[in-house]
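Notes for the one structure printed next.
Numbering (my numbering), first residue to last: 1 to 450.
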């Protein structure tokens with residue numbers, strides 16, 4: 001009989017651990033295994049809704065035939081851990097599934113969803129799609145990073161005949177959104193804003209973390225971030241997937257915010273083991289504690305006061321704002337201006353994998369700190385303040401421009417302690433004194449929420 005109601009559809013996705021289902025009414029003559037499925041005009045937003053395993057960059061396109069085409073930019077592939085679902089909730093892995101961003105069109109398409117799959121839906125095949133009438137694709141991800149697709153057809157699923165008009169996804173004009181577990185009329189951005197307002201109004205909160213679903217006390221420098229995540233129902237994690245409602249959550253206090261920590265994959269830091277790099281380029285700790293350190297702020301175009309090295313974006317012309325046609329020529333590096341040796345470098349793919357996957361939607365929330373006045377000053381407390389920033393739409397190109405302008409900087413805190421233990425901290429940060437300017441450089445849309 002197939003799927004006869006929205007509740008039945010929601011139940012199938014709920015059993016797979018999915019909270020939000022994105023839907024598209026597929027084109028009658030396109031949206032198939034041959035032409036791929038167009039989901040948006042660009043990857044931003046999609047990679048937050050559908051967690052990416054790996055990002056790859058293909059050779060630049062030479063096409064200029066389509067309207068708004070822009071030849072010469074690399075084609076981005078974002079690989080997914082994708083499964084087709086049937087009407088009983090059975091899962092069929094499609095290991096070659098990926099999102100492909102074609103800058104020259106511009107379009108972001110779902111591709112590779114047939115290859116290697118034991119039982120992909122027949123209605124997605126170009127040679128058979130006409131037999132099934134109207135088709136509706138539902139797709140959503142769970143917290144484990146698994147992505148599920150279910151294809152409804154007019155021939156097999158009665159729900160298609162009266163499929164409701166859903167709220168817009170906020171990611172793409174062709175995608176609707178269905179909340180599986182909560183308010184069906186609210187978008188993820190609206191749900192997150194609603195919860196953040198409640199957290200702000202509630203005032204001071206004890207410092208805690210969500211450890212495997214259990215709320216436990218926490219004391220340490222990461223307390224604000226852990227507490228805000230716990231209040232939003234998010235387990236403490238260092239995963240590449242976004243935190244809540246498809247958003248990366250950043251709480252901050254002080255003068256800097258850490259954005260990401262990708263290790264170098266080029267230069268001496270990329271070639272050597274961490275210990276060998278530290279023995280060659282690090283120095284003894286200034287406190288005489290037996291440690292060895294490699295630290296200091298590195299901004300584009302300025303010698304670091306700590307190392308004397310220069311940070312730069314290769315393959316980018318800041319005057320024209322254009323990037324090199326060859327992805328392999330585009331990288332960020334710190335170099336010794338006296339020898340031109342590359343001390344550490346980050347390839348375009350390395351940065352894309354670290355940045356694109358998690359940051360396309362983000363909330364930056366200021367925090368305050370105090371000791372609990374009712375516990376003799378023993379417990380840490382945090383409050384989260386308005387206004388905060390809701391940010392949408394970023395990619396590695398925006399990140400590179402922000403690095404080139406000096407708004408995003410490298411601030412490593414690499415350490416080998418006297419006991420031999422190591423701390424690897426390749427931190428990329430922004431300052432809070434020019435926070436709104438930095439965010440507007442990094443994101444296409446920035447809202448100040450009070």
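Cβ atoms here follow ideal geometry from the backbone N, Cα and C, with glycine treated the same way.
The structure displayed is predicted, hence computed values, not measured ones.
If we count the other Cβ atoms within 10 Å of its Cβ and call it buried at 16 or more, is residue 88 buried or exposed? Working through the chain shown from its first residue, we reach residue 88 at position 88. It counts as exposed.
Which class does residue 243 belong to by DSSP, given the choice of helix, strand or coil? Locating residue 243 in the chain shown gives position 243, counting from the first residue. Three-state result, residue 243: coil.
Who pairs with residue 142 in a beta bridge, going by DSSP? Counting from one through the chain shown, the residue named residue 142 turns up at place 142. According to DSSP, which records beta bridges pairwise, residue 142 is partnered with nothing at all.
Per DSSP, what kind of secondary structure is residue 381 in: helix, strand or coil? Stepping through the chain shown from its first residue, residue 381 is reached at position 381. In the structure shown, residue 381 sits in a strand (DSSP, three-state: E or B).
Residue 215, DSSP secondary structure in three states: Here residue 215 refers to the residue found at position 215 when the chain shown is read from its first residue. Reduced to three states, the DSSP call for residue 215 is strand.
Determine whether the beta carbon atoms of residue 83 and residue 94 lie at a separation below 9 angstroms. Position 83 of the chain shown, counting from 1, holds the residue named residue 83. Position 94 of the chain shown, counting from 1, holds the residue named residue 94. Cβ distance < 9 angstroms, so residue 83 and residue 94 count as in contact.
Contact set for residue 165: own chain, Cβ-Cβ below 8 angstroms, skip 5 residues either direction: The residue labelled residue 165 in the question sits at position 165 within the chain shown. The answer, listed in chain order, is 176.
Thinking C-alpha only, which one of 420, 408, 348 is nearest residue 75? Position 75 of the chain shown, counted from the first residue, corresponds to residue 75. Ranking the options by Cα distance to residue 75, first place goes to 348.
Anyone know if the C-beta pair for residue 296 and residue 305 falls short of 9 angstroms? Indexing the chain shown from 1 puts residue 296 at position 296. Indexing the chain shown from 1 puts residue 305 at position 305. Yes.
In this structure, what does DSSP give as the bridge partners for residue 223? As a position in the chain shown, residue 223 is number 223, starting the count at 1. Answer is none; residue 223 lacks a bridge partner.
Under the assumption that residue 23 contacts residue 272 (Cβ atoms under 8 angstroms), give the Cβ distance between them as a whole number of angstroms. The residue you call residue 23 lines up with position 23 of the chain shown. The residue you call residue 272 lines up with position 272 of the chain shown. So it is not a contact: roughly 49 angstroms between Cβ atoms.
Run of the beta strand (DSSP E) containing residue 335, from where it starts to where it stops: The sequence position of residue 335 within the chain shown is 335, counting from 1. Element bounds for residue 335: 331-335.
How would you write the range of the beta strand (DSSP E) that residue 313 sits in, first residue to last? Locating residue 313 in the chain shown gives position 313, where the first residue counts as 1. 310-314 is the span of the beta strand (DSSP E), which, as asked, contains residue 313.
Alpha carbon to alpha carbon, how far is residue 210 from residue 161? In the chain shown, residue 210 corresponds to position 210, counting from 1. In the chain shown, residue 161 corresponds to position 161, counting from 1. One C-alpha to the other measures close to 43 angstroms.
For residue 223 and residue 416, the rounded distance between their alpha carbons: Against the chain shown, residue 416 aligns to sequence position 416. Against the chain shown, residue 223 aligns to sequence position 223. So the two alpha carbons sit approximately 24 angstroms from each other.
Alpha carbon to alpha carbon, what distance is there between residue 245 and residue 397? Position 397 of the chain shown, counted from the first residue, corresponds to residue 397. Position 245 of the chain shown, counted from the first residue, corresponds to residue 245. Computed Cα separation, rounded: 24 angstroms.
Report all residues from its chain with a CB closer than 6 angstroms to the CB of residue 118; omit the five preceding and five following residues, and keep chain order. As a first step, residue 118 must be located in the chain shown, where it is residue number 118. Closer than 6 angstroms at the Cβ level, and outside the excluded window around residue 118, lie 92.
Out of curiosity, what's the CA-to-CA distance linking residue 429 and residue 407? Here residue 429 corresponds to residue number 429 of the chain shown, with the count starting at 1. Here residue 407 corresponds to residue number 407 of the chain shown, with the count starting at 1. If you take the alpha carbons of residue 429 and residue 407, they lie about 8 angstroms apart.
Just to confirm, is the Cβ distance from residue 231 to residue 205 under 9 angstroms? Looking up residue 231 in the chain shown gives position 231. Looking up residue 205 in the chain shown gives position 205. In contact: residue 231 and residue 205 (Cβ atoms closer than 9 angstroms).
Determine the direct distance from the alpha carbon of residue 420 to that of residue 68, and round the result to whole angstroms. Translated into the one-based positions of the chain shown, residue 68 becomes position 68. Translated into the one-based positions of the chain shown, residue 420 becomes position 420. With a pLDDT of 47 at residue 68, under the threshold of 50, the modelled position of that residue is not reliable, and the figure given next carries that caveat. The alpha-carbon atoms of residue 68 and residue 420 are separated by roughly 56 angstroms.
Spatial neighbours of residue 254 within its chain, please: CB distance less than 8 angstroms, with the 5 preceding and 5 following residues excluded, ordered by chain position. Numbered from its first residue, the chain shown carries residue 254 at position 254. Here the set comprises 432.
Cβ-based neighbour list, residue 337, same chain, cut-off 6 angstroms, excluding 5 preceding and 5 following: Reading the chain shown from its first residue, position 337 is the one you call residue 337. Cβ neighbours of residue 337 beyond the five flanking positions: 310.
Buried versus exposed, by CB contacts within 10 Å (16 or more), residue 15: Sequence index remark: in the chain shown, residue 15 carries index 15 (1-based). Result: exposed.
Nonlocal neighbours in the same chain, by C-beta distance under 7 angstroms from residue 260, ignoring five residues either side: As a working mapping, residue 260 is identified with position 260 in the chain shown. Result list for residue 260: 354, 355, 428, in chain order.
According to DSSP, is residue 202 part of a helix, a strand, or is it coil? Within the chain shown, residue 202 is the residue found at index 202, counting from 1. Residue 202: coil per DSSP, three-state reduction.
Taking residue 111 as the reference, which of 121, 120, 96 has the closest Cα? The residue labelled residue 111 in the question sits at position 111 within the chain shown. Of the listed residues, the one whose Cα sits closest to residue 111 is 96.
Assign residue 11 to one of three DSSP states: helix, strand, or coil. Here the question's residue 11 lines up with position 11 in the chain shown. If DSSP states are grouped into helix, strand and coil, residue 11 belongs with the helices.
Need the endpoints of the alpha helix (DSSP H) that residue 269 sits in, please. As a first step, residue 269 is located in the chain shown; it is residue number 269 there, counting from the start. Segment 267-271, the alpha helix (DSSP H) holding residue 269.
Is residue 186 helix, strand or coil when you go by DSSP? Translated into the one-based positions of the chain shown, residue 186 becomes position 186. Coil.
Would you report the Cα separation of residue 278 and residue 170, rounded to the nearest angstrom? In the chain shown, counting from the first residue as 1, residue 278 sits at position 278. In the chain shown, counting from the first residue as 1, residue 170 sits at position 170. Taking the straight line from one Cα to the other gives about 45 angstroms.
Using CA atoms only, rank isn't needed, just tell me which of 422, 133, 2, 325 is closest to residue 85. The residue given as residue 85 occupies position 85 in the chain shown. It is 2.
Rounded to the nearest angstrom, how far is the Cβ of residue 266 from that of residue 331, given a contact under 8 angstroms? Here residue 266 is taken as the residue at index 266 of the chain shown, counted from 1. Here residue 331 is taken as the residue at index 331 of the chain shown, counted from 1. Yes, residue 266 and residue 331 are in contact; Cβ-Cβ is about 6 angstroms, under 8 angstroms.
Mind checking which residues open and close the beta strand (DSSP E) that includes residue 101? Counted from its first residue, the chain shown places residue 101 at position 101. 98-102 is the extent of the beta strand (DSSP E) around residue 101.
Burial state of residue 341, where buried means 16 or more other Cβ atoms lie within 10 Å: Counted from its first residue, the chain shown places residue 341 at position 341. Exposed is the call here.
Distance between residue 132 and residue 153 (C-alpha atoms, nearest Å): Here residue 153 refers to the residue found at position 153 of the chain shown. Here residue 132 refers to the residue found at position 132 of the chain shown. Those two C-alpha atoms are separated by around 6 angstroms.
Buried/exposed call for residue 32, threshold 16 Cβ in 10 Å: Your numbering for residue 32 matches position 32 in the chain shown. Burial call: buried.
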